[in-house]
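> Counting from 1, position 155 in the sequence shown corresponds to residue 162 in my numbering; the numbering is continuous, with no gaps.
Note that CB positions come from ideal geometry on N, CA and C, so glycine has one too.
Just so we're clear, the structure is a prediction, and the values are computed from it rather than from any experiment.
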Amino acid sequence: MSRAVLSLGSNLGERLEHLRLAVHGFGEDVVVTSAVYETEPWGVRDQPRFLNAVIVVAADGLDEWGWLRRGQALEAQAQRRREQRWGPRTLDVDVVTVDGVHSDHPDLVLPHPGTPSRASVLVPWLEADPEAVLPGHGPVRDLAAALSKEERDTLHRRPDLPLH
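(1) Against chain D, does residue 96 count as a neighbour if the rule is that its beta carbon must be under 9 Å from one of theirs?
(2) What does a CB cutoff of less than 7 Å around residue 136 pick up in its chain, not counting 5 residues either side in sequence?
(3) Identify, in the order they occur along the chain, each residue of the same chain with its Cβ nearer than 6 Å to the Cβ of residue 146, setting aside the five sequence neighbours on each side.
(4) Return the first residue and the last residue of the alpha helix (DSSP H) that residue 30 is part of.
(5) Quickly, what does DSSP pair residue 80 with across the bridge? List them, please.
(6) Could you check whether the region 102-114 touches the region 73-89, counting it as contact only if at least three pairs of C-beta atoms, one from each stretch, sit closer than 8 Å?
(7) For residue 53, which of 148, 67, 19 has the nearest alpha-carbon?
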């Protein structure tokens with residue numbers, strides 16, 4: 008059984024519907040979801056705020072590339088355009104980690120290199136899986152606690168926006 012942690016984000020169009028599309032697209036493979044969080048843009052600041060969530064998925068017969076392909080297919084379904092690095096997007100599905108997998112491939116670095124410093128991934132992941140560990144970095148709980156106040160303040164839980 009392959010188990011993965013996926014980060015979802017959207018800041019264009021019907022943001023919540025794009026996140027729901029991803030959750031629905033992974034279907035019965037979804038083990039647990041976080042709440043939805045609203046975050047300031049990262050990288051390119053002059054763009055709309057993001058909605059973010061984390062899902063944990065598991066399935067037989069899928070490796071890290073299978074999770075990546077499924078995420079990219081859902082991004083395409085949401086009509087994502089890759090015009091600017093860290094730019095606005097209808098849907099972003101990042102493979103954060105896959106149990107037992109380390110990858111330095113330029114198309115799929117695992118664990119995802121930005122994870123240790125991003126509240127938009129760590130806080131929802133901790134909510135979804137309080138015992139989570141980021142390989143090579145330690146417990147997600149400790150990483151989230153080490154975030155700067157400035158980074159934590161970019162994140163707002165949105166219980167009024169359910170994923171289901």
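Well, looking at it:
(1) Checking the listed chains, one finds no chain D in this structure; it contains a single protein chain.
(2) Scanning its chain for C-beta atoms nearer than 7 Å, with the 5 sequence neighbours on each side dropped, one finds around residue 136 the residues 39, 63, in chain order.
(3) Excluding sequence neighbours, residue 146 sits near 140.
(4) Taken as a continuous stretch (DSSP letters only), the alpha helix (DSSP H) holding residue 30 covers 22-33.
(5) Bridge partners of residue 80: none, in fact.
(6) Enough Cβ pairs lie closer than 8 Å, so yes.
(7) Closest option to residue 53, Cα to Cα, is 19.
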